[in-house]
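Asks:
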Amino acid sequence: MGMNALIFNVLQEIGINPARFSLQWASAAEAPRFVKLITEFSGKIKELGPLGESEGIEPDELKIRLDKALAAVSSRKVRMVYGNTTKSIRKEGIFTQEYISGVIEEKLTKAIKGAFEADKAPKEAKPVSGKKAAKGSPKKKVAAKEKPEPKKPAKKAAKKAEPAAKKKASAPKKAAAKKAAAPKKGAAKKKTAAKKKKK
Amino acid sequence: MSKEEYNPKILGFLCNWCCYAAADAAGVSRYQYPPNLRTIRVMCTGRVDPAFVLRGFVEGADGIFTGG
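Chains W and C, in that order, give the protein sequences. The numbering used here applies: residue 1 is where the first sequence begins, and numbers increase by one. The numbering used here applies: residue 200 is where the second sequence begins, and numbers increase by one.
1) Is Gln97/W helix, strand or coil by DSSP?
2) Go ahead and label Lys68/W buried or exposed: buried means 16 or more other beta carbons lie within 10 angstroms of its beta carbon, across all protein chains shown.
3) Please state whether DSSP places Arg33/W in a helix, a strand or coil.
4) When the Cα of Ile239/C is compared with those of Arg229/C, Gly267/C, Asn206/C and Tyr205/C, which residue comes out closest?
5) Run through the DSSP bridge pairs and tell me what Val241/C is partnered with.
6) What would DSSP say about Gly262/C, mapped onto helix, strand or coil?
7) Hey, how far is the Cα of Ala133/W from the Cα of Gly262/C?
8) Name, going along the chain, the residues of the stretch 29-41 of chain W whose beta-carbon falls closer than 8 Å to a beta-carbon of chain C.
9) Classify Pro234/C: buried if its beta carbon has 16 or more other beta carbons within 10 angstroms, exposed otherwise.
10) Should Ala220/C and Ala26/W be called a contact, given that it needs their Cβ atoms to be closer than 7 Å?
11) Got a sec: is the Cβ-Cβ distance from Arg65/W to anything in chain C below 7 Å?
12) Using alpha carbons as the reference points, say which of Ala19/W, Ser22/W, Lys36/W and Asn17/W lies closest to Ala225/C.
13) Looking at chain W, is there any beta carbon in it that lies within less than 7 Å of the beta carbon of Glu204/C?
14) Would Ile104/W and Leu6/W be called neighbours here (beta carbons separated by less than 7 Å)?
15) From which residue to which residue does the beta strand (DSSP E) around Ser228/C run?
16) Three-state secondary structure (DSSP) at Ile89/W?
17) For Ile16/W, which three-state DSSP category applies?
18) If you measure between the beta carbons of Ala161/C and Val73/W, is that distance less than 7 Å?
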């Protein structure tokens, strides 16, 4: 039912009749009820005509608006707020349609409008987005530049130091390894020899 | 195209356990209902995301029916 309210909100925002969406319930045993619901809904849509006709929206404009709405609904912020709202509704434990619609409207209109405006900004006002990008990107670049610079020398120094240490360390290690391996091999050989003898 | 001939495209998200079974039962018991419904079966109405519905409108549905 939260979904219901959210979709109604978004459809109203883009100027489409919310009656084009319907959420209904009919159990598996309620075939007549299902038929009634579908007949009613179909009749309603027939009256309204094709999408955008009764609303007076041109097909091109309609497509732009629908794409915007889809992007808004899929945006992370709206989804986050929606998820949190449904969680809070579950906690409250009140499941009437009016209450849920009220809560969704109260909490989500801001996020939805924000998502629409975020969508509009790059299309309508390019200089603003350019400024934003100019403001945002140099900082990131500077930050990106600053970070690796101190790291690199440190890494180099570490690399320089490492091989020397490795050489020192590796020589005795190898010797130790050889020593360790030798007796094992010997032991293995002895074992196989013993097995052969047994056979 | 006159309005009498106009057949709306209706997209239906039907729950496997409720409305889908009801639609099946309606077919079995020969109830007449309009043929405009294009059905998508979902395993639960809770699976339907707001983005699905808007996507349906983008793809050209005139109305969307969600049946739980």
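Think of the CB as a built atom: it goes at the ideal place given N, C-alpha and C, for glycine as much as any other residue. No experiment lies behind these values; they were computed from the predicted model shown.
Replies: On the basis of the coordinates in this document:
1) Assigned with DSSP and collapsed to three states, Gln97/W falls in helix.
2) Around the Cβ of Lys68/W, a 10 Å sphere holds 16 or more other Cβ atoms; the residue is buried.
3) Correct three-state label for Arg33/W: helix.
4) The shortest Cα separation from Ile239/C among Arg229/C, Gly267/C, Asn206/C and Tyr205/C belongs to Gly267/C.
5) DSSP output for Val241/C lists Cys214/C as bridge partner(s).
6) Strand, per DSSP.
7) Low per-residue confidence applies at Ala133/W: pLDDT is 46, beneath 50, and the placement is therefore not dependable enough to give any value.
8) Going along the stretch 29-41 of chain W in chain order, one finds Ala29, Glu30, Ala31, Pro32, Arg33, Phe34, Val35, Leu37, Ile38, Thr39 and Phe41 with a Cβ nearer than 8 Å to chain C.
9) Exposed.
10) When the beta-carbon positions are compared, Ala220/C and Ala26/W stay at least 7 Å from each other.
11) The beta carbon of Arg65/W sits no closer than 7 Å to any beta carbon of chain C.
12) Ala225/C has its Cα closest to that of Lys36/W, out of Ala19/W, Ser22/W, Lys36/W and Asn17/W.
13) Taking Cβ atoms only, chain W never reaches closer than 7 Å to Glu204/C, which makes this a no.
14) With contacts defined by Cβ atoms closer than 7 Å, Ile104/W and Leu6/W form a contacting pair.
15) Run containing Ser228/C: none; DSSP gives neither H nor E here.
16) Three-state result, Ile89/W: helix.
17) Residue state, collapsed to three classes: coil.
18) This structure leaves residue 161/C out entirely; chain C is present only between 200 and 267.
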